[in-house]
Amino acid sequence: VQLVESGGGLVQGGGSLRLSCAASGIKFVISSMAWYRQAPGNRDELVATITSAGSTIYADSVKGRFTVSRDDAKNTVSLQMNSLIPEDTAVYYCQAVITVASGAYDVWGQGTQVTVSS
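Have a look at this one:
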């Protein structure tokens, strides 16, 4: 099973971007999904998470600006980012807990760069 992100890019401050992450593979079940980000010189930061029941948690720094959603029929998770600020500049990673026949695994995407100009 693999995760592939898309939707990153360069945007002016105050603008919006939508990130998407698609899971592909054979016979898997996704439980929680999340978005993390890492800015240069910083540690990974949990941006948002969404459970299989649809419950969400957001980092304080993005509350009210970002919205995480999932489409289980398409095995995707998305992150709508509004009112972007330069401090949101980072590589954004999709993460999911995926269960296959052999067990449950933590799977990560390759990352997508988001750059917000001032």
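Note that my numbering has the sequence shown beginning at 1068, numbered continuously upward. For each residue, glycine too, the CB sits at the ideal point set by N, CA and C.
Listed in chain order, the alpha helix (DSSP H) elements of length 4 or more contained wholly in the region 1134-1180 amount to none. Across the set 1135, 1184 and 1166, the C-alpha of 1166 shows the shortest separation from the C-alpha of residue 1174. Contact check for residue 1157 and residue 1101: beta-carbon distance about 14 Å, past the 8 Å limit, so the pair fails to qualify.
Residue 1118 sits in coil when the DSSP states are folded into three classes, being neither helix nor strand. For residue 1076, the enclosing beta strand (DSSP E) covers residues 1076-1079. With a threshold of 16 other beta carbon atoms within 10 Å, residue 1162 meets it and is buried.
Pairing residue 1110 with residue 1138, the inter-Cα distance amounts to about 29 Å.
Spatial neighbours of residue 1129 in its own chain (CB-CB distance under 8 Å, excluding positions within 5 residues in sequence) are listed in chain order as 1114, 1115, 1148 and 1155.
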